[in-house]
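Numbering (this note's numbering), first residue to last: -5 to 196.
Note that the Cβ used here is the ideal one computed from N, Cα and C, for glycine as well.
One structure below.
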C-alpha cells in the first residue's frame, strides 16, 4: 500500500459501501448515501476505468459531497486566514485533487464489503453525526462517523472519524503543520499537487 494513512482508506471504504440513497433517513444520511453510490459504481468498473478514469468521476463527486473550501481552511488554520483569495482557491483545488487522486488510486476493485447505516445524532454547532459501520466478508469491521452540516439549502460532509479516533481534519492539520511553518501555503500547495501527480502518473 502506498504511504497513505490507513484511516483515510477506511473512511473511503465506508463511504463506498452502503445502503442505496432511497434507504436514507435524513438529508445528512442521504448525502452519505449519494456519495457512496458513486464510489460503489467506480469500484465495480475500476479495471475498465483505470486510475485516471476513476479520478475523473470521483473528483466532481467529492466536490459535490464535501465542503472542500471549509475543510481546506480548517486543515491549514492561520495560513488560510492570511492568504489572498486566489491562493485560497488554489489550496482548495489541490486539496480536492489530492483527495480524489488518493481515492482513485486505492479503489481498484471490489471484494464484497458491505456498509451499514447505524444511526445519527446531533453534534455541536449544527453538526449532524451520521454513524456507519463497514463490515467485511470475513467478519471484521470498522465504525465510521461522518460529520455533516447544512449550508444554505443543502447538506455537505465536513469531517470523518474512524473507530472513535481523532477526526481526519485534525490529523491533516497536524500533518501539514511543518510544511506550513517552513514554507507557508505556497509550499503546501506545491507538495500536495506533486503528490497527486505522482499518484495519478501525470
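| query | Excluding five sequence neighbours on each side, which residues of the same chain lie with their C-beta closer than 6 Å to the C-beta of residue 51? | reply | 36
Check: Is residue 107 helix, strand or coil by DSSP?
Finding: Reduced to three states, the DSSP call for residue 107 is coil.
Please name the residue, chosen from 59, 75, 40, that lies closest to residue 174 on a Cα-to-Cα basis. Residue 174 has its Cα closest to that of 75, out of 59, 75, 40.
Residue 138 - containing beta strand (DSSP E), residue span:
135 to 145
Fill in: Through-space distance from residue 42 to residue 69, alpha-carbon basis
34 Å
Taking its Cβ as the centre, do 16 or more other Cβ atoms sit within 10 Å of residue 30, making it buried, or is it exposed? buried
Exercise. Identify, in the order they occur along the chain, each residue of the same chain with its Cβ nearer than 7 Å to the Cβ of residue 93, setting aside the five sequence neighbours on each side.
Key: 56
ask   = Just reading off the beta strand (DSSP E) that residue 153 is part of, what are its end residues?
value = 148 to 156
Could you tell me whether any non-hydrogen atom of the ligand SAH is closer than 7 Å to the CB of residue 157? Ligands in the displayed structure: none, and consequently the ligand SAH is not present.
Exercise for review: Taking residue 90 and residue 62 to be in contact with their CB atoms under 8 Å, please state how far apart those CB atoms are, rounded to whole angstroms.
Suggested key: Residue 90 to residue 62, Cβ: 5 Å. Contact.
Inside the segment 23 to 101 only - alpha helix (DSSP H) runs reaching at least 4 residues:
40 to 59, 62 to 70, 72 to 76, 79 to 100
My output table needs one value for residue 130: the three-state DSSP class, helix, strand or coil. DSSP places residue 130 in coil when its eight states are reduced to three.
**OP:** Decide if residue 145 is buried, meaning its Cβ has at least 16 other Cβ atoms within 10 Å, or exposed.
**Re:** exposed
*Just reading off the alpha helix (DSSP H) that residue 178 is part of, what are its end residues?*
162 to 194
| said: By alpha-carbon positions, which one of 66, 109, 181 ends up nearest to residue 131? | reply: Of the listed residues, the one whose Cα sits closest to residue 131 is 109.
Given this structure, state the Cα-to-Cα distance separating residue 194 from residue 23, to the nearest angstrom. 30 Å
Suppose you measure from the CA of residue 162 to the CA of residue 81; what does that come to, to the nearest Å?
Taking the straight line from one Cα to the other gives about 23 Å.
(request) Reducing DSSP to helix, strand and coil, say where residue 120 ends up. (result) helix
Practice task
Can you give me the Cβ contacts of residue 88 inside the same chain, cut-off strictly under 6 Å, excluding the 5 residues immediately before and after it?
Solution key: Correct list, in chain order: 183, 186, 187.
Exercise. Which residue's Cα is closest to the Cα of residue 124: 77, 154, 191, 84?
Worked result: Sorting 77, 154, 191, 84 by C-alpha distance to the C-alpha of residue 124 places 154 at the top.
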